[in-house]
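Asks: Before I ask anything, let me first share the structure, which is written out below as structure tokens.
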Amino acid sequence: MEKGISVRNQEFGISDKIHSYEFATPWLALNQDNYLKYYGLCSREERQEFLRKTLIGNLLSMSKSLDYQVPDKIKCDVLVKTRKSRLKDVNVMTFIGGFCANFLIPDYLGIGKSVSRGFGAVRRRYGA
2 MEKGISVRNQ
12 EFGISDKIHS
22 YEFATPWLAL
32 NQDNYLKYYG
42 LCSREERQEF
52 LRKTLIGNLL
62 SMSKSLDYQV
72 PDKIKCDVLV
82 KTRKSRLKDV
92 NVMTFIGGFC
102 ANFLIPDYLG
112 IGKSVSRGFG
122 AVRRRYGA
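Quick note: the sequence shown uses the numbering used here, first residue 2, plus one each step.
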């Protein structure tokens with residue numbers, strides 16, 4: 002068994018096409034405050050919209066950390082299911098599934114909270 006590091010240039014940022022992604026590891030989308038807001042929402046549509054806005058915020062944060070200014074509006078749709086996970090011996094709500102966005106993300110780049118702990122890694126779905 003062998004591990005290594007490789008460096009390569011990858012496309013990143015807003016796109017004129019919609020790309021499909023799946024979460025390779027659970028997405029930790031909500032902090033404690035947002036968790037309470039999410040559970041306070043009544044309908045599935047409201048929760049979907051809340052997650053859509055959260056995902057856009059995650060993509061904007063990731064862009065900022067990579068010194069990329071997003072030149073246009075990010076459009077996305079989220080299709081996820083909730084799961085319970087543990088983080089530092091605390092139960093947290095995570096999401097599995099995927100999303101579509103007009104944004105290019107390299108495989109296995111993490112979005113959301115606790116990406117350094119392995120949460121939120123995405124990979125592109127081709128042919129979807």
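Cβ coordinates follow ideal geometry from the N, Cα and C atoms, glycine included.
1. Would you kindly report the start and end of the unbroken alpha helix (DSSP H) that includes Arg38?
2. Can Phe100 and Val79 be called in contact, C-beta distance under 8 Å?
3. Would you tell me roughly how many angstroms separate the C-alpha atoms of Asp49 and Ile75, rounded to the nearest one?
4. Measure the C-alpha to C-alpha separation of Leu37 and Thr55 and round it to an integer number of angstroms.
5. Whole angstroms are fine: how far does the CA of Lys82 sit from the CA of Ile106?
6. Pull the bridge partners of Ile15 from the DSSP assignment, please.
Replies: Once the coordinates are examined:
1. Going by the sequence as given, residue 38 is Lys instead of Arg. Its alpha helix (DSSP H) spans residues 33 to 41.
2. yes
3. Just to set this straight, residue 49 is Gln in the shown sequence, not Asp. Spanning the two alpha carbons is a distance of roughly 16 Å.
4. 14 Å
5. 21 Å
6. Phe104
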